[in-house]
Amino acid sequence: MKRATFLMLWASLALALTGFPGAGADTYPMEITGVADTADYPVSTAGFERVSIYHYGPGNADISVGYNMLTPETQIVSTIYITNASVFPGLLNEQDPLGALFGAYKAGVLEYHPGGQLLGEDSVTLTKNGKQYNALRVIFRYDEDFQSKRQPVYSVMMLWRNGDDFIKLRSTGPLAQSNLSESNNMNLLDAVNWTTPPV
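Numbering (our numbering), first residue to last: 12 to 210.
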């Protein structure tokens, strides 16, 4: 990726993560409340509870849905982000848009968590509504305050593409429970319809 394009992509990513300045009553990120139980994004599914829906800009171009699994045995905090390519100017001009965005997100995690370790990368195949999607996955380990306790955590990021939308899963839990992360997150992705925005 050309450096100028990477910097533009990274600047857009930073705006998407921190919100968009502007005049008027609407400020972002904006939490959307009162969203009813739906078949696409159930309030409770696969052992998870839906805890939040956020818009990061006008319309449905950049939105997230948070799901938590918080039991005595398992603590997983997961968020599904649906972001249209229009949020990242020039991204679709890249030879490998998915790989370019994945690299930017990965660098952002390591920058935000100094001392974090990259434990591994691979790709997985997801199936939704009879269609297959190739998802890139990376696993991190770092220390942070999680569930009111400073501890080592196991953090997974997955990224895949649905047309001009890029879907990202970020999931974090205690390192000691890392063996529970993959199956539970795959169950969550099976249970919700991430091919459509939640509102």
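Just so it is clear, CB atoms sit at the ideal spot from N, CA and C, and this is done for glycine as well. Note that the structure is predicted; figures quoted are calculated from it, not measured.
Asked	Found
Is it buried or exposed for residue 34, if we count other Cβ within 10 angstroms and need 16 for buried?	Its pLDDT being 44, under 50, residue 34 is placed unreliably in this model, and the coordinates cannot settle the point.
I'd like the span of the alpha helix (DSSP H) that includes residue 118, first residue to last.	108-123
Residue 146 by DSSP, collapsed to three states: which one?	strand
Counting only runs that start and end within the region 41-114, where is the alpha helix (DSSP H) found for 4 or more residues in a row?	none
Tell me, please, whether the region 159-167 touches the region 55-74 by the rule of three or more beta-carbon pairs shorter than 8 Å.	no
So for residue 156, helix, strand or coil by DSSP?	strand
Count the C-beta pairs between the region 42-52 and the region 180-188 that are closer than 8 Å, then say yes if the count reaches three, no if not.	no
Considering only their Cβ atoms, is the gap separating residue 178 from residue 93 smaller than 7 Å?	yes
Take the Cβ of residue 106 as the centre, count every other Cβ of all protein chains shown within 10 Å, and call the residue buried at 16 or more, exposed below.	exposed
For residue 173, does the three-state DSSP call read helix, strand or coil?	strand
Measure the Cβ-Cβ separation of residue 132 and residue 149 and say whether it is below 7 Å.	yes
With 7 Å as the threshold, decide whether the Cβ of residue 119 is near any Cβ in chain D.	Absent from the structure: chain D. Only one protein chain is present.
Could you give the DSSP three-state label for residue 37: helix, strand or coil?	coil
Considering only residues of the same chain and omitting the five flanking positions on each side of residue 157, which have a CB-CB separation below 6 Å?	164
What is the rounded straight-line gap between the Cα of residue 207 and the Cα of residue 144?	15 Å
Rounded C-beta distance between residue 180 and residue 152? I'm assuming under 8 Å.	About 17 Å separates the two Cβ atoms, so there is no contact after all.
Going by the beta-carbon positions, is the gap between residue 200 and residue 113 smaller than 7 Å?	no
Considering only the beta carbon of each residue, do residue 61 and residue 78 sit closer than 7 Å?	yes
What residue range does the alpha helix (DSSP H) around residue 191 cover?	189-202
Looking at C-alpha atoms only, which residue of 175, 109, 191 and 59 is the closest neighbour of residue 167?	191
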